[in-house]
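So the structure is just underneath, and the comments pick up after that.
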Amino acid sequence: MNNVICSKYGITLRKWNDEDIQGYATLASDEENMKFISSGHARTIDIIKDEVERFRQNQEQKGWARWVVSQGPGAPFMGYAGFEEKQFGINFGMRYLPKYWGTPWTYLAGHTALCWAFDVLGFTSVYTLTNIKHTRAIQMNLKYLNLDRDQCRVVSTQFGDHLKIDYDRDNFFKVRDKNESTAQKLHQYIQKQEARETVHAKS
1 MNNVICSKYG ITLRKWNDED IQGYATLASD EENMKFISSG HARTIDIIKD EVERFRQNQE
61 QKGWARWVVS QGPGAPFMGY AGFEEKQFGI NFGMRYLPKY WGTPWTYLAG HTALCWAFDV
121 LGFTSVYTLT NIKHTRAIQM NLKYLNLDRD QCRVVSTQFG DHLKIDYDRD NFFKVRDKNE
181 STAQKLHQYI QKQEARETVH AKS
């Protein structure tokens with residue numbers, strides 16, 4: 001059965017396999033990785049399995065979910081990007097293994113997921129909810145949408161204050177061409193790096 005949702009720029013968004021649970025456990029069972037997520041505590045393997053099962057059910061019932069990010073249909077888990085129904089509507093979320101933080105892959109996966117949401121799924125809006133202490137993630141989201149922080153609002157949650165950033169269709173398509181150009185350049189950069197590494201390995 002084909003488990004691929006979409007592939008672009010060397011990124012594959014796909015459904016969850018059993019093998020992905022261990023990859024996600026590596027991420028979610030580490031407190032450093034989780035310090036800005038929900039309670040900030042590491043998650044047990046049972047909680048992680050339940051979460052993955054919920055993602056699978058969402059995909060089956062709604063046709064969308066949090067999807068595994070990988071570099072091909074059968075490639076290992078890098079993280080996830082995708083959507084889930086939450087308190088304020090459809091939430092867009094991403095998490096990655098630490099070795100991918102700050103790499104082009106996170107931008108490419110997020111861009112691919114959002115394009116799928118608005119182009120294929122027909123979403124009218126999604127939102128992110130980010131711990132106000134997680135300044136790096138907030139800056140990345142604001143830059144992607146060409147928004148200022150004062151265009152967003154702080155909401156109080158059981159886990160502290162979070163910045164709510166709305167991604168509606170109008171805002172998304174205003175910066176679509178710019179972000180598409182950035183994605184193309186990042187993919188070209190990755191391809192050049194991989195070509196250099198191949199030549200170096202053969203020399």
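According to the UniProt record's numbering, the sequence shown holds residues 1 to 203 in order. Here a beta-carbon is modelled for each residue, glycine too, at the ideal position from N, C-alpha and C. Every value quoted in this text rests on a predicted model; they were computed, and no experiment measured them.
- By the Cβ neighbour-count rule, R66 is buried, with 16 or more other Cβ atoms within 10 Å of its own.
- Beta-bridge analysis with DSSP links H162 to N131 and V155.
- In the three-state reduction of the DSSP assignment, A65 falls in the coil class, being assigned neither a helical nor a strand state.
- The continuous alpha helix (DSSP H) containing V199 extends over residues R176 to K202.
- Of the other Cβ atoms in all chains shown, fewer than 16 fall within 10 Å of the Cβ of F88; this residue is therefore exposed.
- For D18, the three-state secondary structure derived from DSSP is coil.
- The three-state secondary structure of F92, taken from DSSP, is strand.
- Pairwise C-beta distances place the segment 180-187 in contact with the segment 103-113, as three or more of them are shorter than 8 angstroms.
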